[in-house]
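To keep things clear, I will list the structure first and then write my remarks on it.
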Amino acid sequence: MHTILDYCRVGLGWLRAVHAPERLRAKGAELGRFGALACLITAVFVAGTPVWDYAIDPEGAYRSAGLRMAEALAILLLAGAMWWRAPDWILRAGLVAVPVFVQITFIEILGRLEGGPAYGMGGFLYFFIFVPFMAMAQGLGFTVALLALIGLLPNLLVFGTGFGAHLDLGVYNAYVWMVYPPVVGILLLLESLQLQIFRQRLQLARFAHTDSLTGLPNRRHFIGESSSLLAAEYDAGRSAAVLFVDADRFKAINDAHGHHAGDRVLQVLARTIAGAVRDTDMVARYGGEEFVVFMPATGLDVAEEVAERIRRHVAETSVELGGTKVSLRLTVSIGVAATDRTRDLHALLEMADAALLDAKRAGRNRLAVA
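Here the numbering used here is used: the first residue of the sequence shown is 2, the next is one more, and so on.
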């Protein structure tokens with residue numbers, strides 16, 4: 002049976018997940034333009050509110066039109082900052098300053114309109130409609146705190162400075178704090194759905210770039226990443242190297258012991274190769290029983306040393322087949338290629354592949370250099 006403490010732990014874990022740096026970066030990238038469009042819609046709405054003012058008090062509406070346009074302009078400036086992706090600290094400052102400015106001017110406008118405090122009290126609720134959408138790209142905690150600040154601000158102004166004394170705070174607080182909990186609840190629901198989508202996207206990305214059997218990057222991911230790395234090394238005038246690693250007599254293992262044994266061999270090879278290379282090297286499963294290693298900022302001598310270390314570690318490794326007493330000894334053949342004269346990854350791979358064929362022809366369990 003779950004205790005309250007268990008539910009608290011789950012809740013804290015969820016809050017950490019929705020505020021994780023990678024989650025917030027993804028949210029900002031995906032929803033930044035959404036927030037800008039929400040600001041634009043809000044600005045259009047605010048620019049049209051003089052019609053409402055005129056219906057209440059035509060004379061007061063003329064005196065308040067400038068403030069209404071100032072509100073709309075402030076929101077438009079915030080929309081522009083979001084659209085052109087200003088630094089996050091500027092966006093956060095704007096998301097606090099603009100609603101505070103609009104609320105202060107709205108309180109002033111209600112004082113200028115005859116009967117404004119009575120008829121305009123419901124206007125404060127629009128903050129709880131528009132602001133969550135304007136702040137959609139921000140973290141949940143920021144938005145919830147911002148809404149709380151907006152709700153408290155008239156109280157702070159009246160009691161702290163006397164500004165807004167024409168408001169009936171009893172009615173105001175009844176309106177605002179009746180709306181606040183359900184709005185926060187909806188934000189929690191939206192955040193939960195967004196987090197679920199974010200996790201599904203991460204999982205799909207892993208599936209798209211990872212070999213499911215070995216856990217190594219797959220061929221597509223390797224080609225994309227290594228092409229960029231090789232181009233960077235070429236532009237910097239540095240050499241880069243590639244190793245082509247192929248399991249010796251792999252077909253014979255499959256034929257003699259079955260594909261399950263072959264899968265086990267590939268998993269052991271993947272771990273062994275990954276454990277023998279440097280931290281800066283990228284290991285991937287290229288296809289079948291072939292593995293490939295990209296080595297940035299590496300000359301031929303160092304590449305040969307790493308290749309020999311891989312060959313030796315594999316030769317010292319045995320694979321125990323579950324449910325049997327069979328122990329398989331493994332060897333690999335390796336083709337080595339290095340160059341500082343091309344940014345074409347496929348050309349470098351062809352050189353390493355040709356060297357791999359030379360190693361196979363020479364008797365396997367060895368390396369050859371292009």
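The C-beta atom is built at its ideal place from N, Cα and C for all residues, glycine as well.
Between the options, which lies nearest to residue i when the distance is taken from Cα to Cα?
| i | options | result |
| --- | --- | --- |
| Arg69 | Val45, Leu230, Ala275 | Val45 |
| Ile274 | His258, Ala166, Leu322, Ser334 | Ser334 |
| Arg313 | Arg330, Met179, Ala75 | Arg330 |
| Gly276 | Arg265, Gln204, Val294, Leu189 | Val294 |
| Leu168 | Thr215, Pro182, Arg220, Arg113 | Arg113 |
| Val172 | Gln197, Leu189, Leu126 | Leu126 |
| Trp85 | Ile105, Ile311, Ala56, Leu32 | Leu32 |
| Lys28 | Ala136, Val47, Ala298 | Ala136 |
Which of helix, strand or coil does DSSP assign to residue i?
| i | result |
| --- | --- |
| Glu23 | helix |
| Ser228 | helix |
| Arg330 | strand |
| Met2 | coil |
| Met296 | strand |
| Met283 | strand |
| Trp85 | coil |
| Leu78 | helix |
| Gly116 | coil |
| Gly259 | coil |
| Phe35 | helix |
| Thr106 | helix |
What does residue i pair with, by DSSP beta-bridge criteria?
| i | result |
| --- | --- |
| Thr340 | Ala241 |
| Gly288 | Glu291 |
| Ile335 | Val246, Leu368 |
| Ser319 | Arg330 |
| Pro218 | Thr211 |
In whole angstroms, what is the alpha-carbon distance linking residue i and residue j?
| i | j | result |
| --- | --- | --- |
| Ala39 | Glu305 | 58 Å |
| Gly142 | Ala369 | 58 Å |
| Ile108 | Gly165 | 6 Å |
| Arg93 | Gln139 | 8 Å |
| Ala71 | Met2 | 57 Å |
| Pro100 | Arg207 | 40 Å |
| Gly1 | Leu346 | One cannot answer for residue 1 here, as it falls past the ends of the chain, which runs 2 to 371. |
| Gly61 | Leu170 | 22 Å |
| Leu148 | Gly323 | 60 Å |
| Asp354 | Phe199 | 39 Å |
| Ala285 | Leu301 | 20 Å |
| Leu25 | Met83 | 15 Å |
| Val315 | Ala253 | 17 Å |
| Thr1 | Tyr287 | Residue 1 lies beyond the stretch modelled for the chain, which goes from 2 to 371, so this question has no answer here. |
| Phe102 | Ala73 | 11 Å |
| Met296 | Val320 | 27 Å |
Is there at least one Cβ from chain B nearer than 8 Å to residue i's Cβ?
| i | result |
| --- | --- |
| Val303 | Given the protein chain composition of this structure (a single chain), no chain B is represented. |
Inset, instruction - Determine contact between the region 224-233 and the region 44-64, defined as no fewer than three beta-carbon pairs at a distance below 8 Å. - result: Flag = no, the region 224-233 and the region 44-64 do not touch.
Inset, instruction - Decide yes or no for the touch test of the region 58-66 against the region 156-163: beta carbon pairs closer than 8 Å, at least 3 of them. - result: Judged by pairs of C-beta atoms under 8 Å, the region 58-66 does not touch the region 156-163, as fewer than three such pairs exist.
Inset, instruction - Give a yes or no on contact between the region 96-105 and the region 122-137, applying the rule of three or more CB pairs nearer than 8 Å. - result: When C-beta atoms of the region 96-105 are compared with those of the region 122-137, three or more pairs fall below 8 Å, so the two segments count as touching.
Legend entry - the region 12-24 contacting the region 74-85, beta-carbon criterion three pairs below 8 Å: No, the region 12-24 is not in contact with the region 74-85.
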